[in-house]
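Encoded as structure tokens, the structure appears first; notes follow it.
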Amino acid sequence: MVVLEVDNLVTKYKLGKRTVHAVDGVSFKIDAKETLGLAGESGCGKTTTAYSIMRILPENGFVDSGRILLDGDDLVPKTEDEMRDIRWRYASIVFQYAMNAFNPVLRIGKQIIEVMREKDNMTKEEAVKIASDLFDEVGLEPGRLMDFPHEFSGGMLQRAIIAQALACDPRLIIADEPVTALDVVVQNKILDLLRKLQDKYNLAVLFITHDLSVVAENCDSVGIMYAGNLVEKGSATAIYKETLHPYTSKLIGAFPSIIGPKKRLEFIPGSPPNLVKPPSGCKFHPRCPFAQDICSTEVPEFREIKSEHFVRCHFAGELDLGVE
Amino acid sequence: MNTSTKPILKVENLRKWFSVRQGIFSFRNEDKYVKAVDGVSFEVFEGGSMCIVGESGCGKTTLARTILRLVEPTTGTVIFQDRSIYDLTREELGKLRLEMQMIFQNPFEVLDPRLRIEELIGEGLVIHKLEEDENRLRQRVLQSLEDVRLIPAEDFARRYTHELSGGQLQRVAIARSLILKPKLIIADEPVSMLDASIRTEIMNLMDDLQEEHDLTYIFITHDLAQARYIGDFCIVMYLGRIAEMGPMEDIIMNPVHPYTKALVSNIPVPDPDAKRDRIDIPGETPTPIDLPPGCRFKPRCQEHGVKCEDEEPELVEVSPGHWAACYF
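These protein sequences, in sequence, are chains B and A. Going by the working numbering, the first residue of the first sequence is number 1, and it counts up by one from there. Going by the working numbering, the first residue of the second sequence is number 1, and it counts up by one from there.
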């Protein structure tokens with residue numbers, strides 16, 4: 001069952017008289033119990049996509065066009081008051097820096113309970129009961145519910161944030177680099193926890209990260225973003241083993257791995273384009289080794305090349321990208 | 001890489017304990033210490049690149065700072081090119097620091113935003129009065145920019161830090177060290193802030209520079225996958241001590257210490273079909289205050305026996321050049 005459907009989303013930022021095309025026609029769907037990983041380099045628009053869904057963009061950012069359907073209900077035309085009602089109850093977000101997500105002078109439990117009482121009008125006792133159960137569920141001692149944020153380690157705070165995100169029983173969780181600031185061992189514990197809770201509560205998860213290794217191990221399907229476009233989307237195996245877009249293959253080639261033979265890693269020459277004045281045609285063409293004339297004149301469409309495997313490239317399927 | 005057999009740096013039994021004040025109302029004068037670095041010995045060979053790997057709080061950064069004598073050690077010696085660093089006077093140390101440079105994680109914090117790139121790069125030469133002739137100074141700055149492939153150099157020299165990207169700034173930081181003709185560069189998470197592609201670009205650049213300028217590297221990183229591509233020798237630290245050290249591929253392919261085994265098994269790989277067995281480490285890394293006697297990894301170790309309770313294991317050579325501090 002489709003929980004979230006994003007259809008041709010365009011999000012822009014105003015910078016004085018100029019406009020930045022941060023997200024430029026992104027479409028994807030996420031089912032219940034499915035995890036979609038959205039990966040790409042800094043500035044590719046992955047976080048802006050997430051913030052557009054939650055409508056927590058900075059003041060100069062706005063959704064220009066497109067639809068965001070949560071359980072079939074379009075979020076784009078909703079008023080701010082209606083969005084307030086949707087956040088936490090239908091869609092929650094888990095941020096990268098757990099230490100900044102909590103107010104440092106309020107007890108953690110209080111901040112979790114606050115959300116529930118605001119949303120669901122429950123008594124304090126009920127809320128405390130649910131919060132304690134959630135703490136237990138995410139692997140924290142319920143006895144520490146009333147600790148202050150500084151008394152928790154980074155991993156514990158990330159667990160507490162997840163407990164808070166689950167407090168109102170949402171349908172969708174957006175995890176924006178949820179484990180990037182953590183050590184690998186703790187990282188895996190948090191990811192395992194997220195997966196377990198996802199199964200139990202039937203959640204759809206939108207997982208945003210720059211780390212292709214974490215995506216490979218934790219997502220069912222993967223979308224690769226470049227300069228505001230989704231350039232390739234498919235099952236994790238399709239993306240890594242049957243790569244069709246030159247950018248995806250270059251990005252994967254730049255990632256170190258501790259398995260397989262050690263070879264000198266390749267990087268992508270040049271840098272991502274300025275999104276105030278993006279290149280014409282395919283935005284990747286100035287850096288693409290396969291670029292032809294058509295690439296600089298015509299914008300490639302996001303086409304389904306194989307079943308459920310979408311690519312935005314004129315020559316998708318015709319290039320030899322050197323994938324096994 | 002042509003690693004010689006001559007150690008350029010020798011660290012012996014280095015300890016750095018930070019005392020923890022108990023607050024003004026504590027009348028009992030029992031000093032407590034955070035044992036950030038607690039008895040570390042190793043050698044770095046000329047032309048080698050050594051990686052110090054470990055999780056947050058394992059003491060890797062403190063170790064680097066103590067080696068450079070940015071902080072004074074509690075006990076121990078560091079010998080750099082046959083001279084003991086802790087016996088030098090201030091002036092001698094200043095001179096020696098030219099040969100041991102450090103590169104930090106965040107170039108935005110290192111480089112003064114009010115100076116031009118050429119001033120930033122030439123700063124070391126000016127401060128140490130190594131180049132008084134202005135024309136020659138400028139030539140050397142431009143050369144240094146070209147060394148780190150910031151071309152056209154004249155163009156970059158005139159700019160300010162806000163006009164450069166993160167990857168370019170890290171190159172400036174490298175150029176700034178390189179111009180002093182160092183022998184040893186200690187790089188503390190030099191690429192952690194950067195995107196994958198730029199990260200690879202900088203790593204490859206540092207690899208090339210090592211050959212071109214006969215450098216020895218010490219890399220400090222939390223990321224073992226990255227370490228594999230930049231280092232030939234690896235030290236894994238846990239709570240201020242070396243858990244295991246040896247040739248890089250040996251550590252990754254055949255780890256011996258239970259901590260290294262778990263660490264390696266937990267590193268994600270960019271392959272959705274790679275089914276790897278993960279070894280869990282229960283609990284979280286404790287703070288290194290009042291550690292129990294015996295092996296410091298014992299409380300979280302899956303394989304511990306009786307012997308681990310009483311005595312801290314010493315490093316033992318398990319295969320040529322590969323050492324581990326574990327009884328099993």
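Note that the Cβ used here is the ideal one computed from N, Cα and C, for glycine as well. Model, not experiment: these values are computed from the prediction.
Look at the alpha carbon of residue i and the alpha carbon of residue j, and state the distance between them as a whole number of angstroms.
i	j	result
Gln-81/A	Val-44/A	11 Å
Val-311/B	Glu-301/B	8 Å
Val-317/A	Pro-282/A	At residue 317/A the sequence reads Glu, which differs from the Val that was named. One C-alpha to the other measures close to 27 Å.
Ala-251/A	His-257/A	Reading the sequence as shown, one finds Ile at residue 251/A and not Ala. Ile-251/A and His-257/A: Cα-Cα distance of roughly 9 Å.
Cys-295/B	Cys-282/B	5 Å
Met-1/A	Asp-207/A	Its pLDDT being 45, under 50, Met-1/A is placed unreliably in this model, and the value from its coordinates should be taken loosely. For Met-1/A and Asp-207/A, the distance between alpha carbons rounds to 9 Å.
Gly-76/A	Leu-14/A	4 Å
Val-148/A	Leu-205/A	7 Å
Ala-338/B	Ile-121/A	Outside the displayed range of chain B (1 to 324) lies residue 338/B, so it cannot be described from this structure.
Glu-132/A	Gln-210/A	28 Å
Cys-313/B	Lys-233/B	12 Å
Val-191/A	Val-264/A	20 Å
Ser-56/A	His-222/A	7 Å
Ala-175/B	Ile-208/B	6 Å
Ile-220/A	Lys-60/A	7 Å
Met-102/A	Gly-39/A	22 Å
Thr-260/A	Phe-156/A	43 Å
Leu-184/A	Leu-75/B	57 Å
Asp-273/A	Glu-242/B	12 Å
Val-269/A	Thr-79/B	43 Å
Ile-30/B	Pro-170/B	14 Å
Ile-112/B	Lys-124/B	11 Å
Leu-291/A	Ile-53/B	47 Å
With DSSP collapsed to three states, give me the class of residue i.
i	result
Phe-156/A	helix
Asp-71/B	coil
Gly-167/A	helix
Asp-273/A	coil
Ile-279/A	coil
Leu-315/A	coil
Ile-30/B	strand
Ile-242/A	strand
Met-330/B	This structure cannot speak to residue 330/B, because chain B is shown only from 1 to 324.
Glu-232/B	strand
Thr-161/A	helix
Thr-66/A	helix
Met-102/A	strand
Ile-294/B	helix
Thr-287/A	coil
Pro-142/B	helix
Tyr-97/B	coil
Leu-145/A	helix
Ala-254/B	coil
Asp-207/A	helix
So, for residue i: in the same chain, excluding its five sequence neighbours on each side, which residues have a beta-carbon less than 8 Å away from its beta-carbon?
i	result
Glu-123/A	Leu-115 and Arg-176
Phe-290/B	Pro-246, Phe-315 and Leu-319
Pro-273/B	Ala-227, Pro-279, Lys-283 and Pro-286
Val-78/A	Leu-9, Lys-10, Val-11, Glu-12, Leu-14, Thr-66, Ile-67, Arg-69, Ser-84, Ile-85 and Tyr-86
Ala-64/A	Ile-52, Met-102, Ile-186, Asp-188, Ile-218 and Ile-220
Glu-324/B	Note that Glu-324/B has pLDDT 46, beneath the 50 cutoff, so the model's placement of it is unreliable and the number below is only indicative. Lys-241.
Cys-58/A	Met-237, Tyr-238, Leu-239, Gly-240 and Thr-285
Assuming residue i and residue j form a contact by the criterion Cβ under 8 Å, report the distance between their Cβ atoms to the nearest whole angstrom.
i	j	result
Leu-68/A	Ile-186/A	7 Å
Leu-69/B	Glu-141/B	With 8 Å as the limit, Leu-69/B and Glu-141/B do not qualify as a contact, their Cβ atoms being about 39 Å apart.
Ile-242/A	Phe-104/A	The Cβ separation is near 23 Å, so there is no contact.
Leu-206/B	Leu-172/B	7 Å
If I measure Cβ to Cβ from residue i and keep anything under 6 Å in the same chain, skipping five residues before and after, which residues do I get?
i	result
Asn-8/B	Gly-25, Ser-27 and Gly-66
Glu-266/B	Gly-253
Ser-307/B	none
Pro-107/A	Leu-169, Gln-170 and Ala-173
Pro-255/A	Lys-261 and Val-264
Leu-98/A	Leu-180
Phe-328/A	Glu-303
Starting from the C-beta of residue i, find all residues in its chain whose C-beta is less than 7 Å away, skip the five residues before and the five after it, and write them out in chain order.
i	result
Leu-191/B	Val-179 and Asn-218
Gly-167/A	Leu-194, Ile-198, Glu-201 and Ile-202
Lys-119/B	Trp-88, Arg-89 and Cys-168
Tyr-240/B	Ala-216 and Ile-252
Lys-334/B	Here chain B comprises residues numbered 1 to 324, so residue 334/B is not present and cannot be evaluated.
Is there contact here, the stretch 208-219 of chain B with the stretch 247-259 of chain B, by at least three beta-carbon pairs under 8 Å? yes
Stretch-stretch touch, CB-based, cutoff 8 Å, three pairs: the stretch 186-201 of chain A with the stretch 152-164 of chain A: no
Looking at C-beta atoms only, is the number of pairs between the stretch 203-220 of chain A and the stretch 33-53 of chain A that lie closer than 8 Å three or more? yes
For the structure I just gave you, are there three or more beta carbon pairs, one from the stretch 94-104 of chain B and one from the stretch 171-189 of chain B, closer than 8 Å? yes
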